[in-house]
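Numbering (this note's numbering), first residue to last: 204 to 647.
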Ligand SMILES: [Zn+2]
């Protein structure tokens, strides 16, 4: 076996251990964690009892499938039933030192509590994650995520723990953020993919060339599927002259739970903190490795509020194949979209990210797009709104035909294409709204 480059890893022994060692570690942690949840949380005690399962019955990791699911609705309901933090909490309140709160876009915000130990575990993991993406103590890292109650905020402490000079930028207006990046010559930044794109375009409009005038060489992105769509990543990378690394986070667990290493071949999971299941959304049985299914997560160490079998609503695929970086953790190979965003058009499953991959690789287009779905005479009709690039001088009908063919080949769905002038579609500052499904209105 080749000698490991010890500088490549934050915790070499853990990060490169065999799959069997990962499974054994997870089983040991899970046994203890289920027992802690059952003993400390009135909700879990009642839920396990109602399902007729006990932490002592866990003989192997597959036995977890006998335990009940959890979803956002349950977390919200239990918080309302036992305010302010809900009865999934498994420690006395005096042990809780930090809470984040989710954005509340689909209801009342839910709080995610941490003990001091949970918080330290989390920040240590973030440092490991940043390290795997190539961040080093010589970097200057600008954290351009919201600090207000948002679980993404404290991730900056991971960069700081790693030894990078950490700039707590937060959500500054674009012009200010660009000035900060330029003044301090930041070498790395974290934003959403849409915002990375918007910020790069804003820089160019202001006469700043991100490649020449700024020192950013690493962009960490999260919050939207774009960072895992190679065509989207490639365009952001070309705009910035930088590497883009996708991260996946969940407000109810950690700011980042998985992230890309320097190989950028999927996102490595923090498998010593989180157990991953990928299930068929209908049957709730595991899908074969590599197949698309719903991501279901179980914490393994979080004492304040254990999360057991949380249905994320995210449709993903994973692999346990070894990565070229030498890490052996399970990798997320695709976040295809939200279960809620999945469109069924003429019986075919379609995610906005499928169309994005096609739109972003065509240089005759700006890369912005929107999907409009209508039902006309009882038939679904998908229209893809795109913008031609500045200076486009080809035939619009050729471009429309080409896009129609490519979308059909990639997704199996026939679509109309509406070609718009540049800067017509709304630009996203945070999460982009890509779908306008008007079918429900036809029947109302
Ligand atoms: Zn890797």
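Just so it is clear, CB atoms sit at the ideal spot from N, CA and C, and this is done for glycine as well.
- Relative to ligand 1, residue 436 has its C-beta separated by 7 Å or more from all heavy atoms.
- In this structure, DSSP gives residue 321 a helical state, which the three-state scheme calls helix.
- Around the beta carbon of residue 555, 16 or more other beta carbons lie within 10 angstroms, which makes this residue buried.
- Counting only runs of 3+ residues, the beta strand (DSSP E) found wholly inside the region 575-614 occupies 582-591, in chain order.
- The alpha-carbon separation between residue 420 and residue 390 amounts to approximately 5 Å.
- As DSSP reads the structure, residue 463 sits in a beta bridge with 470.
- The shortest CA-to-CA distance from residue 314 to any of 303, 324, 545 and 623 is the one to 303.
- Distances from the alpha-carbon of residue 581 to those of 611, 606 and 549 put 549 closest.
- With a threshold of 7 Å, the Cβ atom of residue 526 counts as near ligand 1, since some heavy atom of the ligand is closer than that.
- Cβ-Cβ separation between residue 365 and residue 334: approximately 6 Å, consistent with a contact (criterion under 8 Å).
- Residue 458 counts as buried, since no fewer than 16 other beta carbons sit within 10 angstroms of its beta carbon.
- Of the other Cβ atoms in all chains shown, 16 or more fall within 10 Å of the Cβ of residue 436; this residue is therefore buried.
- Going by C-alpha positions, residue 211 is about 20 Å away from residue 224.
- If only uninterrupted alpha helix (DSSP H) runs of at least 4 residues are considered, those enclosed by the region 347-432 are 359-365, 377-387, 396-408 and 413-416.
- Residue environment for residue 342: buried (at least 16 other C-beta atoms within 10 angstroms of its C-beta).
- Assignment of beta-bridge partners to residue 552 by DSSP yields 547.
- Using a C-beta cut-off of 8 Å, the region 497-505 makes contact with the region 460-476, since at least three inter-stretch Cβ pairs fall below that distance.
- Put simply, the backbone Cα of residue 300 is about 56 Å away from that of residue 605.
- Inclusion of residue 464 in the 7 Å shell around ligand 1 follows from its C-beta lying nearer than that to a non-hydrogen atom of the ligand.
- The alpha-carbon separation between residue 591 and residue 628 amounts to approximately 11 Å.
- Our two residues, residue 575 and residue 241, have alpha carbons roughly 47 Å apart in a direct line.
- Contact between the region 318-338 and the region 421-429 is established, with three or more Cβ pairs separated by less than 8 Å.
- In the DSSP assignment, the residues bridged to residue 501 are 478.
- Beta-bridge partners of residue 446 (DSSP): 421.
- In this structure the region 488-500 does not lie against the region 404-414, because fewer than three pairs of beta carbons, one per stretch, are closer than 8 Å.
- Here residue 579 is exposed. Its C-beta has fewer than 16 other C-beta atoms within 10 Å.
- With a cut-off of 7 Å, the C-beta of residue 584 is classified as distant from ligand 1, since no heavy atom of the ligand falls inside that distance.
- Considering only 238, 532, 524 and 540, the residue with the shortest C-alpha distance to residue 515 is 540.
- In the DSSP assignment, no residue is bridged to residue 484.
- Residue 544 places its beta carbon 8 Å or farther from that of residue 613.
- No Cβ-Cβ contact shorter than 8 Å links residue 258 with residue 226.
- Taking 8 Å as the cut-off, the Cβ atoms of residue 472 and residue 532 count as close.
- Here residue 255 carries a coil assignment [DSSP, helix/strand/coil].
- Every alpha helix (DSSP H) of 4 residues or more that sits fully in the region 265-303 is shown, in chain order, as 275-284.
- Here residue 359 has 346, 369 and 371 as same chain residues with Cβ atoms under 7 Å from its own Cβ, once five neighbours each way along the sequence are excluded.
- The criterion of a C-beta distance shorter than 8 Å is not satisfied by residue 234 and residue 217.
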